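1 is the number of the first residue of the sequence shown in the UniProt record's numbering; add one for each residue after it.
Beta carbons are placed, not taken as given, at the ideal position from N, Cα and C, and that holds for glycine.
Computed from a predicted model, the values in this text were never measured in an experiment.
Report on one structure; see the data block that follows.
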Amino acid sequence: MQRVTRDPEASQDGLAELEGKVALIRQHFPPSVANLYAIPRQGSGGVLEWWSELTGQPLRYNDLKPAEQQALLDKYRQRQESVSHLADTLQARGQASEAQELRSLVGSPDLNNLYSLNGAPLVVRWGLTPRVAAPPAPAAVPAPAPPRRLNLWPWLLSPLLLALLLGLLWWLWTSRAYWLGMFRRPEIVSYACQKDPQALPPEFAVVLDTSGSMNLNMDISKEDEEWFMEIGQNLPEGNPRRQRLISGPTRLDVAKQSFANMVGNLHGDIDMRLITFAGCDAQVDHGVFDQAQRKALVEGINTLQADGGTPLASSLEEAASQVDGRDRDAVIVMFIDGADGCNRDVCSVSRTIAREQPRLRVNVVNISDSDSSDCIADNTGGRVYSAENAEQVAQMLREATEEVSQSARCSTPE
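In structure tokens form, the structure reads like this:
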């Protein structure tokens with residue numbers, strides 16, 4: 001966490017409201033989107049400060065080169081599209097107040113308040129109005145006293161005012177039932193989490209990466225992975241370094257165990273579709289499993305083998321084609337360990353899906369150091385969960401699927 005700038009001239013009247021918006025953003029978005037907005041804080045001397053969890057040297061937009069400015073604006077617009085898309089989704093779900101809060105964050109940036117931190121956009125002074133000093137009051141100039149003259153208007157208007165008053169009292173008396181009804185206590189409606197018997201549970205699909213890189217050890221470094229992909233996989237099996245990198249527990253081992261736990265904790269009303277890879281040319285749709293078939297689902301997962309390329313874009317298209325996402329909520333969880341390896345633009349695919357299926361959200365559980373697939377979650381209003389070890393994988397997978405079970409348990413009444 002670092003302070004980006006101090007803002008002694010800004011008003012702090014709306015600080016509490018801004019903090020509420022920050023909480024709303026972080027509730028719904030991964031860090032790649034949430035970190036677009038600097039965090040307002042009250043600093044020493046009551047001065048407003050803007051902080052960020054991003055690392056690196058903050059650079060003003062106006063200090064960047066033209067190409068860097070354009071790249072920064074492109075990322076800004078991409079994150080704004082995510083905010084706008086989620087606002088539409090919340091509106092469709094009846095969460096109008098939250099949708100309005102998010103829409104207030106959408107708009108063209110004030111370039112004087114736009115920064116770049118390691119290429120990521122950061123906006124400061126968002127939502128606050130500057131403190132403007134009140135202009136001094138003009139000196140009072142006494143008006144000349146008018147000449148005194150006899151005023152007969154009060155005597156002439158008194159009978160007319162009396163007649164109007166009597167008419168008003170008569171009208172109030174005859175319409176007293178209407179006015180008393182206005183002050184009745186309104187019916188109390190509980191907005192606690194309630195089960196809606198008419199609501200369909202969200203559709204749920206999981207895309208499990210079974211590419212060859214899932215055979216690698218869970219704890220290897222990025223450098224080791226690059227060496228293995230470029231050199232190690234072509235060496236004899238007896239090579240010591242190669243042998244160490246493919247020793248257990250592998251990424252697929254951890255994925256199998258974590259998925260078994262996730263399936264066991266999934267809400268009973270949720271059916272789950274499983275899609276895996278079969279190289280760049282095909283994906284395997286294992287079908288939909290209801291609660292009674294979960295044992296068979298876990299047994300099937302335990303037999304999976306890792307091999308071939310990583311068709312992220314194609315598998316995302318396949319999963320999206322199997323759910324509604326228009327008239328019914330849907331969630332896809334993608335468990336992956338890197339970028340698309342089959343020469344397709346997964347960011348473009350996810351943008352198309354977001355336009356055509358606005359009620360579909362895609363969460364990404366990423367166990368690699370690459371963030372090139374984070375756009376899947378950004379574009380569809382989902383979240384990115386990063387994990388570096390087996391314990392974190394299990395936790396992130398639970399969190400990525402928890403919203404599906406929550407949606408099945410209850411809904412908010414209109």
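| Item | Value |
| --- | --- |
| By the 10 Å Cβ neighbour count, where 16 or more other Cβ atoms means buried, how is A230 classified, buried or exposed? | Reading the sequence as shown, one finds Glu at residue 230 and not Ala. So E230 ends up on the exposed side. |
| Whole angstroms are fine: how far does the CA of L165 sit from the CA of L102? | 50 Å |
| Taking the CB atoms as reference points, tell me whether I376 and D337 lie closer together than 7 Å. | no |
| Can you list, in chain order, the stretches of the beta strand (DSSP E) that have 3 or more residues and sit fully within the stretch 303-336? | 330-336 |
| Could you check where the beta strand (DSSP E) with M272 kicks off and where it finishes? | 272-277 |
| Would R131 be called buried (16 or more neighbouring beta carbons within 10 Å of its own) or exposed? | Here the model assigns R131 a pLDDT of 48, short of 50, so the residue's position is not dependable and the matter cannot be decided. |
| Got a sec, what are the start and stop residues for the alpha helix (DSSP H) D7 sits in? | Element bounds for D7: not the alpha helix (DSSP H) but the beta strand (DSSP E), 2-7. |
| Between the beta-carbon of D374 and the beta-carbon of V384, is there less than 7 Å? | yes |
| Residues in the same chain with beta-carbon distance under 8 Å from K256, minus the five sequence neighbours each way, listed in chain order, please. | I301, N302, L304 |
| Among the residues of its own chain, which have a CB less than 6 Å from the CB of V47, if the five just before and after it don't count? | R6, P8 |
| Would you verify that the beta carbon of D271 is, or is not, closer than 7 Å to some beta carbon of chain D? | Included in the structure is just one protein chain, with no chain D present. |
| For the stretch 325-342 against the stretch 203-214, are there 3 or more C-beta pairs whose distance is under 8 Å? | yes |
| I need the DSSP call for I376, collapsed to helix, strand or coil. | helix |
| Using alpha carbons as the reference points, say which of W126, Q243, S348, G212 lies closest to D307. | G212 |
| Touching or not, the stretch 20-38 and the stretch 99-119, by the rule of three or more beta carbon pairs under 8 Å? | yes |
| Flag this pair as yes or no: are the beta carbons of Q293 and E318 separated by less than 7 Å? | no |
| Measure from the alpha carbon of K75 to the alpha carbon of each residue in E299, N62, D378, then state which is nearest. | D378 |
| Could you give the DSSP three-state label for Y191: helix, strand or coil? | Because Y191 carries a pLDDT of 34, less than 50, the predicted location of this residue cannot be relied on, and no value is offered for it. |
| For the stretch 235-250 against the stretch 265-284, do three or more pairs of beta-carbon atoms, one drawn from each stretch, fall closer than 8 Å, so that the two count as touching? | no |
| In the structure shown, what three-state DSSP assignment does L235 receive? | coil |
| What three-state label does DSSP hand T250 in the structure shown? | strand |
| Output the distance between the C-alpha atoms of G232 and S314, rounded to the nearest integer angstrom. | 28 Å |
| Between the alpha carbons of S97 and S386, how many angstroms are there, rounded? | 30 Å |
| By Cβ distance below 7 Å, which residues in the same chain neighbour D290 in space, the five residues on each side in sequence not counted? | D271 |
| Can you check which of these residues, L117, S370, G248, L122, is closest to Q57 by C-alpha distance? | L117 |
| Would you identify the three-state DSSP class for Q283, choosing helix, strand or coil? | strand |
| Apart from the five residues just before and just after T250, which ones in its own chain have a Cβ nearer than 7 Å to its Cβ? | M214, N215, L216, N217, M218 |
| Run the CB neighbour count on G325, radius 10 Å, all protein chains shown included, and call it buried at 16 or more, exposed below. | buried |
| Roughly how many whole angstroms lie between the Cα atoms of S52 and P109? | 17 Å |
| Mind pulling the beta strand (DSSP E) runs of 3 or more residues that sit fully within the stretch 200-230? | 203-208 |
| If we count the other Cβ atoms within 10 Å of its Cβ and call it buried at 16 or more, is L86 buried or exposed? | buried |
| Cutting at 6 Å between CB atoms, please list the residues of its own chain near L72, excluding the five before and the five after it. | S116, P121 |
| If you draw a straight line from the alpha carbon of residue 416 to that of R328, how long is it in whole angstroms? | The question about residue 416 has no answer here: the residues shown for the chain are numbered 1 through 414. |
| To the nearest angstrom, how far is the alpha carbon of G309 from that of C342? | 7 Å |
| Anyone know if the C-beta pair for V124 and V254 falls short of 7 Å? | no |
| Could you have a look at Q42 and say whether DSSP puts it in helix, strand or coil? | strand |
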